[in-house]
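**Student:** Protein chains in written order, with the numbering used here: chain V, 21 to 470; chain W, 21 to 470; chain X, 21 to 470; chain Z, 21 to 470.
We put the CB at the ideal spot given by N, CA and C, even for glycine.
Note that the structure is a prediction, hence the values are computed from the model and not measured.
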């Protein structure tokens, strides 16, 4: 059976991920993501109203024109998890393909919300839920299957899809951290990866998340971030003023820890900001978390402001607002608080906890700097970098190669500079660039079996 | 009663700490340290055989000539803990003063070993042990007392000495982290600090450890480093090759965690290198730790080599050597292993865990880089930065000011650039440079009460 | 005669410079500057309409309330040169003092324009022009004189004022580079500084520009930047597309070089942007430069757009627009060009020359990054860092101390971290902090002679 | 005619350059270099006595075993210039090939000295001199020629060899800066490159020096470094103590400028250190420079020490020693001076001019830091970074592509991270990775025409 892989997006950048695998006549698409920074660099762009081609020209969504060179029928569109750089282009591209979106329940829910917000295209692909550990048949050949292997990332319900073919398995490895003690959900299913490496024809091809490929050592478990966060919040137990925290809205494990430690130090947690409400609300509705019954979540400006007023009335010392704005985004909640645009009044000594790392890019760094400066002008004090990455460092990559023993490797989720360390790493394990290690660019086709 | 403070060493650098406080006719000296980097920059220097004046000229030990301007009798020399930059000059300077060295038991033991290694001067000062929480009378006035308040640092048995005078307390705040869950020993005694701030005339003067004064937020607890280290070592449980760890020899809490986690993953820990043996042996002898009965500690070259041979014979997969060399020091054990100068043979895939941070200075960075490169040439893989600082960041400083409410403040343990953040911090709290906030330099006298 | 110095602004930051010197009954104020970054951090602030007290609270202009502690009459307000951080608060503060503004002709012209733009206060102080090398009498005592010594900086007509008193000279050393081959104007008058160091009672006090006090070596001459710029522009001689340059509008020497080299490579230079027109127009009107007769300068939006249209019509290859926007300021000309908001169309291969350095602060770095990214998206290619600083590095400071041999020194124009290197430097020359080396903060009074 | 290219060394690092081009039956080898840092990382290694295979294992010299896969006869070994990373392996590898070394006169002279120092192998290949601009026939086919095109680099007599074949020209582009005003020798011969791009079949393949491929803009001309150096040295004209300068020994243009400016400020220049004597002596002997008749050059320890004694006797203020040690190499002359191991005594205020940049690698940075610290301890003051790179930045690459219009491109002289910017640059110009843009690794064969 011919096996061909199209590296469509995310092979020259982090963002707008998209890869297609053809096994005989059947094609499966993994991820359809959005590169948000290519949108935000422009003023006043509303992606909801924009046409795909304009977004492709902007470098915001994958240029999927190479799909016409791929002979076969798309049978499924499979986002691996709910981050925008993996699902954000579904509303712009999926309607071109006569195929369902297949994903885990939490991811499907986020895809649904994404599609509902779309104003240009009517996206009507079926949305099919499949749990980690499950398998479905692909196409009519009867010998191609799609399996979801549970992995750990900075969002819940993340999986690595595996396409089982007669030639061996194609493992799509985006995005993951190797975490044996995640705070929510099961540990990464390394046992299954090892089995896949040994069974049948083994692993034909492994497409890897190279985000941290130039970083040595091991990405710490979420439990380490939790231990750090606990130390920070417990140290504030005696403080009788305002404490505010911010983190990635989609990072349900982290939000859960914040909620829990807030309670431990005698404060009522409350989640504020549109995306805070969206992700945490969805996670709660789907029973991924069991938040305290009285946990408030507010997204709309009016209800947020009403909550802030209540907090000011009842005493800041009784609350711990968890808000959006960890990157200093100009319109996020924390930045608005810093500018004095909300009813929440910061006082000298108030504490602001950034349970996040600044994404190391000058735009973010500039915005975070401004947000921190404005907070500081009001007397607030900053605790930052209480975080661990969602992506494996080099030692995780070594472990994956050891488990899967793939015949071919395709590095993804980085530009050439960013994945360079992964090439050396693979060479250390006996692979050779141009032979079985395929460094690709957006829009390329790689024939693995012909 | 006249109160005068001589800022003798460590006010223009980190290293060679020394401060003298005169209360009426009685003088107490806090710390007598060595700035090792000023020694190592020269080739072939043996401090054991050197005269004080040469070491002063080199900037290696405090220039204590200002002591002659201080009218009063030295009643005690009080090192706060056992690090070289606090005790390393005792063997060179203490014999000039007719006064005992007063310190906690572990510190006294290290001072004793220091003095025994001295070859130039016969240092015969009495060595007096006093536990944290205890108090002794100073001089004959009857109203000056020395108290030891328990603090947490990257070495055990660290204290902050407090000189109680009729004018108020002088609190000498070097060195500490604000740790409520240290792995060994008691948490920092904030309750006592708060009492001292309120009782009698309160705190007349606070001399502060400004090492991290330009860093925002809170230094994490040792328990966070422990959680990180556990995650790293547990992730290696299935590895059947060599694992080697390195950390600060004097960091007994970290060594204890390494020993414990080694056992957890089925390996026999063994401590190797002269200073590993010295500090851990001393801690065990004084009952600060309860190491497993079969824990080997070896310092002499021959016994180390014999141990390495045994490890190679019995299988590297059964051991976890904890060795010196975390900064890539050219003659330390790990660097010798990297150069293939020991019987321990590194293989591809072996793991080297640096539970330490590179001290950010180009000499160290260059040496660490070389050590890592040599390790890498043998196939070893590096895990680094598994560490937390022993010094408070800005939030700890705010808490200390809140607890002590000192009338005067003297920043120490940094140069002007390094302490600059502390000046701003104190100004935020209402202090004013030149009035009650005294930025000093080596060799100055500050009259607090006249 | 009593000599007292008030360090009012710019002693904890770079920006909002202001210092007052009292000699007996006479007071002279040096500089009244604006810290623009404290304004820009806020949205929608229009300083023209704001009250002084609000601007003081924002940290934007000097807090001159300490002036009431200074017993004497203000006889002159003396800005050293025309940069905003030295003249920008005159329109907000000068009317409180019954004294003329005394400055060099170019500076006076800029002060006049500043005052004309003021909408809140009517500033009616006399404006008196005095050339470098000249001297005027201050007050009625008959023995206090004000002299202007010619210095070199990144703006023309800069001087260091010297207040001659019976106790010795007070030299106000802000801002300068030690340049013996400036492109425009005379070299720094070191001969006169050396004379002042030797004559009469010598130099009583020297207030120094510490902007670059932590940088070793020597700041290169403007002639080095010119040589670099020439190499860059000449290398583009054969390019037949668009070339755009940007630099500091007030940097007349640099603009002159750009104009000259544009001609050399066969292009018509044209200056675009409000502040380009303002500074270059002023310099030309006052005969500081002799621009080609046909050099266009346009500031108003309409005339700029008209010029761009003409350029597009006649061929980009015939022009070299010199525009504002070297820091990526969102509303500057170059950023508007990058966003496609002007009639000038960038094509692939077009060249953009930044004859400026990014001011190393995350806000600027973020904005410059965005501007460069937008330019890059249109195919433009960037040449940057073609620049030299306007401030002396350490070797310049050593030379000034050698020339002046001052009895007292006050470091200025930096925060504590930024001036820390200058303290060490002065100590190397025998000064001592707290004795004759006065590290001050905003709002302090230093009694030099009492 | 078959054209095949073997990328042997320098495709995963900067150092140990080696590339072979086969045109039909004839093979030409370009460069045989040494990666010195792979040697220096080990203690006590003497390359003169080492076998090739050990040096290959160390990663110090190219692994030329791939040459056996290249069917054809080596007709010439062509080093492009005299730097060690281009000629340093000739003494270890050239004897395996029955072919002459062909190079420019200065390079041949350095190769000869290199071979004379070899103690392990008898290297007896013919050494043939060919000037820039000249051409020789290669092999017996009668239609393969080797041409030398003059280029500008940080060493004199550098060329880019061009192999003219019936299929088009193969241009070997290592190492160069695009300099139209070098201080010594002719400008880069862009006219000839443009001709080669247009004549016959044009350029079949271009192998490019990617050292600075991630740096934007244009590398300044040597004339800019000269202008900077002049400003620095002229500023010292009145200093009556010691001035010492250091630079790359092989950088004859820079040494010439130092010699000239020393004279200008009334000092006798003198070149000290083995490699200073070697390179400058060779350049003078071959008439590349016309040093003053009385210029001393001394390499042997005794004559250096004698010179230093003479300088001390006759007065430091009359001399300007130009010495080795710009990277702080532990055994170089300047480091020995810093350690007080030479008769030259440094005093407070003496000036040390580094006309070089620290090679940005932690080992060098550590050593330079130590050298500067030791110099500082003796009172010396540092001027550094008076330098320009010898390699083109991105704009030079664009110009070369524009001139040559090559059909195929092979990036060289960097690792994958280092050359990543060049891939984007080529893609901007229409090339495509895997089609006509060949990113290679050490030991690969690339079939260009088959």
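Output yes if chain W places a C-beta closer than 8 Å to the C-beta of residue 443 of chain X; else output no.
**Tutor:** Here residue 443 of chain X refers to the residue found at position 423 when the third chain is read from its first residue. Yes, residue 443 of chain X counts as interfacial toward chain W.
**Student:** Would you please verify whether the beta carbon of residue 298 of chain Z is less than 8 Å from any beta carbon of chain X?
**Tutor:** In the fourth chain, the residue the question calls residue 298 of chain Z occupies position 278. Judged by the 8 Å Cβ criterion, residue 298 of chain Z is not in contact with chain X.
**Student:** Could you tell me which of W:141, W:161, W:374, W:255 sits nearest to residue 197 of chain V, measuring between CA atoms?
**Tutor:** What you label residue 197 of chain V is simply residue 177 of the first chain in a count that begins at 1. Considering only alpha carbons, the answer is W:255.
**Student:** Using Cβ-Cβ distances below 9 Å, what residues of the stretch 357 to 369 of chain X are close to chain V?
**Tutor:** So the list reads 359, given in the order they occur along the chain.
**Student:** Just by C-beta distance, which residues in the stretch 378 to 411 of chain V are closer than 7 Å to chain X?
**Tutor:** Result list: 382, 383, 385, 386, 387, 389, 390, 393, 394.
**Student:** In chain order, what residues of the same chain have a beta carbon less than 8 Å from the beta carbon of residue 283 of chain W, not counting five sequence neighbours either side?
**Tutor:** By one-based count along the second chain, residue 283 of chain W stands at place 263. Taken in chain order, the residues that qualify are 289, 312.
**Student:** Going along the chain, which residues of its own chain have a beta-carbon closer than 6 Å to the beta-carbon of residue 52 of chain X, five neighbours each way excluded?
**Tutor:** The residue given as residue 52 of chain X occupies position 32 in the third chain. Within the same chain, residue 52 of chain X has close Cβ partners 38, 109, 110, 113.
**Student:** Tell me residue 318 of chain W's beta-bridge partners as DSSP assigns them.
**Tutor:** Within the second chain, the letter at position 298 stands for residue 318 of chain W. Beta-bridge pairing links residue 318 of chain W to W:292.
**Student:** Between the stretch 428 to 439 of chain W and chain X, which residues of the former have CB atoms less than 9 Å from a CB of the latter, in chain order?
**Tutor:** Listed by position, the residues of the stretch 428 to 439 of chain W near chain X (Cβ gap below 9 Å) are 435, 436, 437, 438, 439.
**Student:** Quick check: the stretch 114 to 134 of chain V against the stretch 147 to 157 of chain V, are there 3 or more CB pairs under 8 Å?
**Tutor:** Touching, yes.
**Student:** Counting only runs that start and end within the stretch 297 to 361 of chain V, where is the beta strand (DSSP E) found for 3 or more residues in a row?
**Tutor:** Taking only runs of at least 3 residues, the beta strand (DSSP E) segments lying wholly in the stretch 297 to 361 of chain V are 316 to 318, 339 to 343.
**Student:** Between W:137, W:160, W:100, which lies nearest to residue 194 of chain W when the distance is taken from Cα to Cα?
**Tutor:** Residue mapping note: residue 194 of chain W aligns to position 174 of the second chain, counting from 1. For residue 194 of chain W, the nearest C-alpha among the options comes from W:100.
**Student:** Less than 8 Å between CB atoms is the rule here; does residue 61 of chain Z satisfy it with respect to chain W?
**Tutor:** Locating residue 61 of chain Z in the fourth chain gives position 41, counting from the first residue. Chain W contact via Cβ: present.
**Student:** Work out the CA separation of residue 428 of chain X and residue 160 of chain X for me, nearest whole Å.
**Tutor:** Counting from 1 along the third chain, the entry for residue 160 of chain X is found at position 140. Counting from 1 along the third chain, the entry for residue 428 of chain X is found at position 408. The alpha-carbon atoms of residue 160 of chain X and residue 428 of chain X are separated by roughly 26 Å.
**Student:** Our contact map puts residue 79 of chain Z next to residue 58 of chain Z with C-beta atoms below 8 Å; I'd like the distance itself, whole angstroms only.
**Tutor:** The count along the fourth chain starts at 1 and reaches residue 79 of chain Z at position 59. The count along the fourth chain starts at 1 and reaches residue 58 of chain Z at position 38. So it is a contact: roughly 4 Å between Cβ atoms.
**Student:** Starting from the beta carbon of residue 236 of chain W, find every residue of chain V whose beta carbon is closer than 9 Å, and list them in chain order.
**Tutor:** Within the second chain, the letter at position 216 stands for residue 236 of chain W. 392, 401, 402, 403, 404, listed in chain order.
**Student:** CB residue 224 of chain V to CB residue 187 of chain V, shorter than 8 Å?
**Tutor:** Along the first chain, one-based indexing puts residue 224 of chain V at 204. Along the first chain, one-based indexing puts residue 187 of chain V at 167. Yes. Within cutoff.
**Student:** Taking the C-alpha atoms as reference points, what is the distance between residue 119 of chain X and residue 390 of chain Z?
**Tutor:** Locating residue 119 of chain X in the third chain gives position 99, where the first residue counts as 1. Locating residue 390 of chain Z in the fourth chain gives position 370, where the first residue counts as 1. The alpha-carbon atoms of residue 119 of chain X and residue 390 of chain Z are separated by roughly 54 Å.
**Student:** Closer than 8 Å is the cut-off here; do at least three beta carbon pairs connect the stretch 420 to 435 of chain V with the stretch 238 to 255 of chain V?
**Tutor:** No, because fewer than three Cβ pairs between the stretch 420 to 435 of chain V and the stretch 238 to 255 of chain V fall closer than 8 Å, the two stretches do not touch.
**Student:** For residue 95 of chain Z, report the span of its beta strand (DSSP E) as first-last.
**Tutor:** Stepping through the fourth chain from its first residue, residue 95 of chain Z is reached at position 75. Residue 95 of chain Z -> beta strand (DSSP E) spans 93 to 98.
**Student:** Any beta-carbon of chain W closer than 8 Å to the one on residue 71 of chain V?
**Tutor:** Taking the first chain and counting its residues from 1, one reaches residue 71 of chain V at position 51. So, not an interface residue.
**Student:** How is residue 190 of chain W classed by DSSP in three states: helix, strand or coil?
**Tutor:** Translated into the one-based positions of the second chain, residue 190 of chain W becomes position 170. Three-state result, residue 190 of chain W: strand.
**Student:** Please confirm whether any heavy atom of the ligand NAP lies closer than 7 Å to the CB of residue 248 of chain V.
**Tutor:** Summarising the ligand content, the structure contains no ligands, and the ligand NAP is consequently not present.
**Student:** Taking only the alpha-carbon atoms, compute the straight-line gap between residue 258 of chain W and residue 394 of chain X and give it to the nearest angstrom.
**Tutor:** What you label residue 258 of chain W is simply residue 238 of the second chain in a count that begins at 1. What you label residue 394 of chain X is simply residue 374 of the third chain in a count that begins at 1. When rounded, the distance between both Cα atoms is 50 Å.
**Student:** Does any C-beta atom of chain V lie closer than 8 Å to the C-beta of residue 277 of chain W?
**Tutor:** Within the second chain, the letter at position 257 stands for residue 277 of chain W. By this cut-off, residue 277 of chain W is not an interface position.
**Student:** Beta carbon of residue 165 of chain X, beta carbon of residue 92 of chain X: below 8 Å?
**Tutor:** Locating residue 165 of chain X in the third chain gives position 145, where the first residue counts as 1. Locating residue 92 of chain X in the third chain gives position 72, where the first residue counts as 1. No, these two residues do not count as a Cβ contact at 8 Å.
**Student:** For residue 42 of chain Z, I'd like the list of residues in its chain whose CB is within less than 6 Å of its CB, leaving aside the five on either flank, ordered along the chain.
**Tutor:** Here residue 42 of chain Z is taken as the residue at index 22 of the fourth chain, counted from 1. If we look at residue 42 of chain Z and ignore the five residues flanking it on each side, its Cβ neighbours are 24, 90, 92.
**Student:** Contact between the stretch 444 to 457 of chain X and the stretch 265 to 277 of chain X is defined here as three or more beta-carbon pairs at a separation below 8 Å; is this criterion met?
**Tutor:** The stretch 444 to 457 of chain X, when compared against the stretch 265 to 277 of chain X, does not touch it at the 8 Å Cβ threshold.
**Student:** So, does the stretch 63 to 83 of chain Z touch the stretch 399 to 414 of chain W, judging by three or more C-beta pairs under 8 Å?
**Tutor:** Touching, no, given that fewer than three Cβ pairs across the two stretches are closer than 8 Å.
**Student:** Between the Cα of residue 315 of chain V and those of V:307, V:40, V:300, V:246, spot the shortest distance and give me the residue it belongs to.
**Tutor:** The count along the first chain starts at 1 and reaches residue 315 of chain V at position 295. With distances taken between Cα atoms, residue 315 of chain V lies closest to V:300.
**Student:** On a CA-only basis, which of X:122, X:309, X:202 is nearest residue 181 of chain X? Give me that one, please.
**Tutor:** Looking up residue 181 of chain X in the third chain gives position 161. It is X:122 whose Cα lies nearest to the Cα of residue 181 of chain X.
**Student:** I need the DSSP call for residue 183 of chain W, collapsed to helix, strand or coil.
**Tutor:** Reading the second chain from its first residue, position 163 is the one you call residue 183 of chain W. In this structure, residue 183 of chain W counts as strand in the three-state DSSP scheme.
**Student:** Quick one: complete beta strand (DSSP E) runs, 3+ long, within the stretch 69 to 150 of chain X?
**Tutor:** Segments of the beta strand (DSSP E) lying fully in the stretch 69 to 150 of chain X: 93 to 98, 121 to 123, 147 to 149.
**Student:** Secondary structure at residue 226 of chain W, three-state DSSP: helix, strand or coil?
**Tutor:** Reading the second chain from its first residue, position 206 is the one you call residue 226 of chain W. Residue state, collapsed to three classes: strand.
**Student:** Provide the residue span of the beta strand (DSSP E) that contains residue 371 of chain W, from first to last.
**Tutor:** For the purposes of this step, residue 371 of chain W is taken as the residue at position 351 of the second chain. Residues 371 to 375.
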